[in-house]
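To start, the structure itself, in structure tokens.
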Amino acid sequence: MNKIDIRTVNVVQYLQPLREGGSLPAIVKADDGFLYVIKFRGAGQGKKALISEFIGGELARAIGLNVPELVFMNLDDSFSKTEPDEEIQDLLKFSVGLNLGLHFLSSVITYDPLVSNVDALTASKVVILDSLISNIDRTAKNTNLLNWNNELWIIDNGASFYFHHNWKTWKNHITKTFPLIKDHVLLPQATVLQEAKEEVIKRIDKNVITEIVNSIPEDWLLNEGDFLSPNQMRAAYIEFLCANISMIDKLVKEAEDAR
Numbered sequence: 000m001n002k003i004d005i006r007t008v009n010v011v012q013y014l015q016p017l018r019e020g021g022s023l024p025a026i027v028k029a030d031d032g033f034l035y036v037i038k039f040r041g042a043g044q045g046k047k048a049l050i051s052e053f054i055g056g057e058l059a060r061a062i063g064l065n066v067p068e069l070v071f072m073n074l075d076d077s078f079s080k081t082e083p084d085e086e087i088q089d090l091l092k093f094s095v096g097l098n099l100g101l102h103f104l105s106s107v108i109t110y111d112p113l114v115s116n117v118d119a120l121t122a123s124k125v126v127i128l129d130s131l132i133s134n135i136d137r138t139a140k141n142t143n144l145l146n147w148n149n150e151l152w153i154i155d156n157g158a159s160f161y162f163h164h165n166w167k168t169w170k171n172h173i174t175k176t177f178p179l180i181k182d183h184v185l186l187p188q189a190t191v192l193q194e195a196k197e198e199v200i201k202r203i204d205k206n207v208i209t210e211i212v213n214s215i216p217e218d219w220l221l222n223e224g225d226f227l228s229p230n231q232m233r234a235a236y237i238e239f240l241c242a243n244i245s246m247i248d249k250l251v252k253e254a255e256d257a258r
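Written out as structure tokens, the structure reads:
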């Protein structure tokens, strides 16, 4: 896997909110001249959703899935002062600092299970990825997948790693499988799970996981009420993912049985 090198850019223009997202992400322009979809640290699930989004996205990239470039985005306090919409004004105010951006794909369409095509290997890899990161939000109701240039692109992994909303019990999740995979939108197309598994374990090991987790901004790991230190949280994410990789056969069998 290539070394992870996440760029940091500054937001220079707030363009429009994306109201279909529950957390009110928005299209913004950065100082590199590109457009991004920004996920705000001040939204509902806060910085933990950004961590899930980041780890999930970089793991997806590591196993060869299409993911828009992820960047860290600095937002200053000038935007909230000129925003007329009160809800957005508050969101911008609470999101000053480092947020997460996904490169904006123009003319993209949302994946529709009834009309969009996806090949069996890609579908199988997405199913395994979502088992590994315990992503509860890739269902027919909300696919969190895009079609762009006739290819499937992975977005929105923010509902993964739900154990981090209660660090006191996180160790209980290490030995658990992921029964909710039965609701996965791509499960019917995931017909080569064994082949996909071989590719996943070739590409994801402890070094890859550690490099991704160590790239999480320190600031995202500081939350009022969390009793673990940032280093302890990093160690927990690494331990959780390594445990899931070690029981990947169980996760694959669970998905196959659910199919």
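Just so we're aligned, residue 0 is where the sequence shown starts under numbering that gives the first Met the number 0, counting upward by one. Ideal placement from N, C-alpha and C gives every residue a C-beta, glycine not left out. As the structure is a prediction and not an experimental result, all values here were calculated from the model.
- Task: Could you work out which residue in Leu186, Ala235, Val191, Phe177 is closest to Lys205 when comparing CA atoms only?
- Result: Ala235
- Task: Would you mind stating whether Leu97 and Asp218 have Cβ atoms separated by less than 8 Å?
- Result: yes
**Message:** Output needed for Lys46: all residues of its chain with C-beta closer than 7 Å, excluding positions within five of it in sequence on either side, in chain order.
**Reply:** Arg40, Trp219, Asn222
| Quick one: complete beta strand (DSSP E) runs, 3+ long, within the segment 177-237? | none
> In or out: Glu57 buried (at least 16 other Cβ within 10 Å) or exposed?
Replying inline: buried
DSSP three-state call for Arg6: helix, strand or coil?
coil
- Task: Check the C-beta distance from Pro112 over to Ala139 and give it rounded, since I have them as a contact under 8 Å.
- Result: 6 Å
So for Lys259, helix, strand or coil by DSSP?
Because the chain here runs from 0 to 258, residue 259 falls outside it and cannot be looked at.
task = Could you say which of Gly32, Asp31, Ile26 lies nearest to Lys38 if we only look at CA atoms?
result = Ile26
Practice item. Indicate the three-state DSSP secondary structure (helix, strand or coil) for Gly63 in the structure shown. Key: coil
Original post:
DSSP state of Gly41, grouped into three classes?
Top reply: coil
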